[in-house]
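Engineer: Once you know that position 11 of the sequence shown is 12 in the numbering used here, the rest is easy, because the numbers rise by one and skip nothing.
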Amino acid sequence: MDDLLYREIILEHWQNPQNYGVLANAEIDIVEFNPLCGDEIRIMVKIKNKKIERISFVSTGCAISRASASLFIEMVKGKQIKHIKRMKPNDFLKTLEIEISPSRLKCALLAYSTLQKALR
């Protein structure tokens with residue numbers, strides 16, 4: 002994919018994140034914080050038949066953190082829990098298709114690591 006086009010997708014997910022907002026009566030409701038840059042995320046999940054039926058998030062922080070969370074939440078929606086548990090950080094990072102500097106890696110992976118922690 003064209004680098005400029007993908008940067009526009011990241012920008013769109015930052016400005017208009019998908020699945021953003023509070024999900025009432027969630028079975029999973031977890032908050033995590035990235036002390037390196039101050040990002041905070043809350044992920045809420047409803048599970049049905051061992052799949053993610055509904056998932057949403059709210060966050061504060063940098064553009065990379067929010068855009069990555071929006072993209073990640075879209076990626077896992079409707080997926081089986083066992084498949085999500087098997088995901089590695091690079092499985093998600095590859096989908097971003099942009100280079101993430103080492104200092105921004107925790108920002109980009111905050112939603113991933115938060116959901117993985119919740120599913121343990």
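We treat Cβ as the ideally placed atom computed from N, Cα and C, and that holds for glycine.
Small disclaimer: the values here were computed from a predicted structure and weren't measured.
(1) Give the range of the beta strand (DSSP E) segment to which Ser60 is assigned.
(2) Less than 8 Å between the C-beta atoms of Ile42 and Ala112, yes or no?
(3) If you drop the 5 nearest sequence neighbours on each side, which residues of the same chain put their C-beta closer than 6 Å to that of Lys86?
(4) Going by Cα to Cα distance, which pick from Tyr21, Leu116, Gln117 is closest to Thr61?
(5) In this structure, how does DSSP classify Asn91 when only helix, strand and coil are distinguished?
(6) Would Lys47 and Glu28 qualify as a contact pair, given that the criterion is a beta-carbon distance under 8 Å?
(7) Would the beta-carbon of Ala68 fall within 8 Å of that of Ile11?
(8) Under 7 Å: does the beta carbon of Ile65 sit that close to some heavy atom of the ligand NAD?
(9) Could you say which of Gln16, Thr96, Lys89 lies nearest to Thr115 if we only look at CA atoms?
(10) If we ignore side chains and look at the alpha-carbon of each, how far apart do Trp15 and Ala64 end up?
(11) Under three-state DSSP, which class holds Ile65?
Structural biologist: The short version:
(1) 52-61
(2) In contact: Ile42 and Ala112 (Cβ atoms closer than 8 Å).
(3) Leu120
(4) Considering only alpha carbons, the answer is Tyr21.
(5) In this structure, Asn91 counts as helix in the three-state DSSP scheme.
(6) yes
(7) yes
(8) The ligand NAD is not part of this structure, which contains no ligands at all.
(9) Lys89
(10) Cα to Cα, Trp15 sits roughly 5 Å from Ala64.
(11) helix
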